[in-house]
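Line by line, the protein sequences are chains B and W. Under this note's numbering, residues 1455 to 1574 are what the first sequence spells out, in order. Under this note's numbering, residues 108 to 218 are what the second sequence spells out, in order. Some notes on the structure that comes next.
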Amino acid sequence: GAVVSQHPSRVICKSGTSVKIECRSLDFQATTMFWYRQFPKKSLMLMATSNEGSKATYEQGVEKDKFLINHASLTLSTLTVTSAHPEDSSFYICSASLAGLAGGSTDTQYFGPGTRLTVL
Amino acid sequence: GNSVTQMEGPVTLSEEAFLTINCTYTATGYPSLFWYVQYPGEGLQLLLKATKADDKGSNKGFEATYRKETTSFHLEKGSVQVSDSAVYFCALNRAGNMLTFGGGTRLMVKP
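The structure is reproduced here in structure tokens:
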């Protein structure tokens, strides 16, 4: 149980285009989803926290207008990188925490497999 | 504030060697502590967790004990395998269920 998927796993796009990444909790409802960015051989940097039906909370230094997050349902959150540039190339990872699942733990985050974005 | 410090890697071991990866933390309150593992090209997988002092988390032969007195959560395994080669992240949760990660420790196990 507690599986999180991301789509696509890899994407290559041209500079100036927008890219949407989906994050889904497959077998549970997630009250909260998190978006991280990971640079090569580095730790994860939290970008934003999103709760279903409300606006995302962004970490300091993360551009809200560039990284649009939509959490439309308890099983789906999307991250859209708008007007992407080469410096946006990175590994983007989402996670989700459980919402009242019997036997589940609400303090644990379950991570998706990540999406590698390359902007040419 | 909250922070997590891990030993820097890479840690290189021979198969069947004993593994310790040190992790210490600073935190307000009593956070839950986690170890996550990341295999090449993949996202993070929860390895084990502990929610209160003196709790021991264990999974797949790995163990870590929540030590409040030393603010530590060291990861250990008695006999590593080549398949354990990965990056290991220590983390704690803070307000709003957000995670603070350590810098990660790369483990390389040679046959």
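By construction, the Cβ of each residue, glycine as well, lies at the ideal position given by its N, Cα and C atoms. None of the values given here were measured: they were computed from a predicted structure.
Asn-166(W) lies in the beta strand (DSSP E); which residues open and close that run? Taking the second sequence and counting its residues from 1, one reaches residue 166(W) at position 59. Per DSSP, Asn-166(W) belongs to the beta strand (DSSP E) from 163 to 166.
Could I get the ranges of all uninterrupted beta strand (DSSP E) runs contained in the segment 126 to 201 of chain W, with 3 residues as the minimum, in chain order? 126 to 128, 130 to 133, 140 to 145, 151 to 157, 163 to 166, 169 to 172, 182 to 184 and 193 to 201
Strictly under 7 Å for the Cβ-Cβ distance: is Gly-1554(B) near chain W by that measure? By one-based count along the first sequence, residue 1554(B) stands at place 100. Note that Gly-1554(B) has pLDDT 48, beneath the 50 cutoff, so the model's placement of it is unreliable and the number below is only indicative. Judged by the 7 Å Cβ criterion, Gly-1554(B) is not in contact with chain W.
Quick one: is Ser-1504(B) buried, meaning 16 or more other Cβ sit within 10 Å of its Cβ, or exposed? In the first sequence, counting from the first residue as 1, residue 1504(B) sits at position 50. Classification for Ser-1504(B): buried.
Pick from Ala-124(W), Val-194(W) and Thr-135(W) that is closest to Met-114(W), judged by C-alpha positions: In the second sequence, residue 114(W) corresponds to position 7, counting from 1. It is Val-194(W).
What ranges does the alpha helix (DSSP H) occupy inside the segment 1470 to 1542 of chain B, keeping only unbroken runs of at least 4 residues that lie completely in it? none
Whole angstroms is fine: what's the gap from Leu-1571(B)'s alpha carbon to Glu-176(W)'s? Here residue 1571(B) refers to the residue found at position 117 when the first sequence is read from its first residue. Here residue 176(W) refers to the residue found at position 69 when the second sequence is read from its first residue. Cα to Cα, the separation comes out at about 42 Å.
Report yes or no: is there a C-beta of chain B within less than 7 Å of the C-beta of Phe-169(W)? Residue numbering aside, residue 169(W) sits at position 62 when the second sequence is read from its first letter. No, because no Cβ of chain B sits closer than 7 Å to the Cβ of Phe-169(W).
Expressed to the nearest angstrom, what Euclidean distance is found between the alpha-carbon atoms of Val-1465(B) and Thr-1569(B)? To locate residue 1465(B), count along the first sequence from 1; it is residue 11. To locate residue 1569(B), count along the first sequence from 1; it is residue 115. The straight-line gap from Cα to Cα measures roughly 7 Å.
Give the residues of chain B in contact with Asn-129(W), contact being defined as C-beta atoms less than 8 Å apart. Residue mapping note: residue 129(W) aligns to position 22 of the second sequence, counting from 1. Per Cβ cutoff of 8 Å: no residues; Asn-129(W) is ~16 Å from chain B at best.
Neighbour list for Glu-149(W) in chain B, Cβ cutoff strictly below 7 Å: For the purposes of this step, residue 149(W) is taken as residue 42 along the second sequence, with counting starting at 1. Under the 7 Å cutoff, chain B gives Pro-1567 and Gly-1568.
Cut-off 7 Å between Cβ atoms - residues of its own chain near Asp-1476(B), not counting five sequence neighbours on either side: Numbered from its first residue, the first sequence carries residue 1476(B) at position 22. Note that residue 1476(B) is Glu in the sequence shown, not Asp. Result list for Glu-1476(B): Gln-1460, His-1461, Leu-1530 and Thr-1532, in chain order.
Chain-ordered chain W contacts of Ser-1497(B) [CB-CB under 8 Å]: Taking the first sequence and counting its residues from 1, the one referred to as residue 1497(B) is at position 43. By Cβ distance, chain W contributes Phe-196, Phe-208, Gly-209, Gly-210 and Gly-211.
Considering only the beta carbon of each residue, do Thr-119(W) and Met-205(W) sit closer than 7 Å? As a first step, residue 119(W) is located in the second sequence; it is residue number 12 there, counting from the start. As a first step, residue 205(W) is located in the second sequence; it is residue number 98 there, counting from the start. No, these two residues do not count as a Cβ contact at 7 Å.
Counting only C-beta atoms, is Ile-1523(B) closer than 7 Å to chain W at any point? Mapped onto the first sequence, residue 1523(B) falls at position 69. No, no contact with chain W.
Under 8 Å between beta-carbons, which chain B residues line up against Leu-154(W)? List them in chain order, please. To locate residue 154(W), count along the second sequence from 1; it is residue 47. Per Cβ cutoff of 8 Å: no residues; Leu-154(W) is ~11 Å from chain B at best.
Check each candidate in Tyr-1564(B), Ala-1538(B), Ser-1543(B) and Ser-1544(B) and name the one with the smallest Cα separation from Thr-1471(B). What you label residue 1471(B) is simply residue 17 of the first sequence in a count that begins at 1. Closest by alpha carbon: Ala-1538(B).
Drop a sphere of 10 angstroms on the beta-carbon of Gln-145(W), count the other beta-carbons inside from all chains shown, and report buried for 16 or more, exposed for fewer. Walking along the second sequence from the start, residue 145(W) turns up at place 38. Its Cβ being crowded by 16 or more others within 10 Å, Gln-145(W) is buried.
What does DSSP give as the partner residue(s) for Met-114(W) in the beta ladder? Counting from one through the second sequence, the residue named residue 114(W) turns up at place 7. According to DSSP, which records beta bridges pairwise, Met-114(W) is partnered with nothing at all.
By alpha-carbon positions, which one of Pro-147(W), Ser-186(W) and Thr-172(W) ends up nearest to Cys-197(W)? By one-based count along the second sequence, residue 197(W) stands at place 90. Per the Cα distances, Thr-172(W).
Can you name the start and end residues of the beta strand (DSSP E) that Thr-1562(B) belongs to? Here residue 1562(B) is taken as the residue at index 108 of the first sequence, counted from 1. Premise fails: Thr-1562(B) is in no beta strand (DSSP E) and is neither H nor E.
How many Å lie between Ser-139(W) and Gly-211(W) at the Cα? If you number the second sequence from 1, residue 139(W) lands on position 32. If you number the second sequence from 1, residue 211(W) lands on position 104. Their Cα atoms are separated by approximately 18 Å.
Thinking C-beta only, is Arg-213(W) closer than 7 Å to Thr-207(W)? One-based indexing of the second sequence puts residue 207(W) at position 100. One-based indexing of the second sequence puts residue 213(W) at position 106. No, they are not a contact pair.
What's the gap between the Cα of Ser-186(W) and the Cα of Cys-130(W)? Residue numbering aside, residue 186(W) sits at position 79 when the second sequence is read from its first letter. Residue numbering aside, residue 130(W) sits at position 23 when the second sequence is read from its first letter. Each residue's Cα considered, the two are about 19 Å apart.
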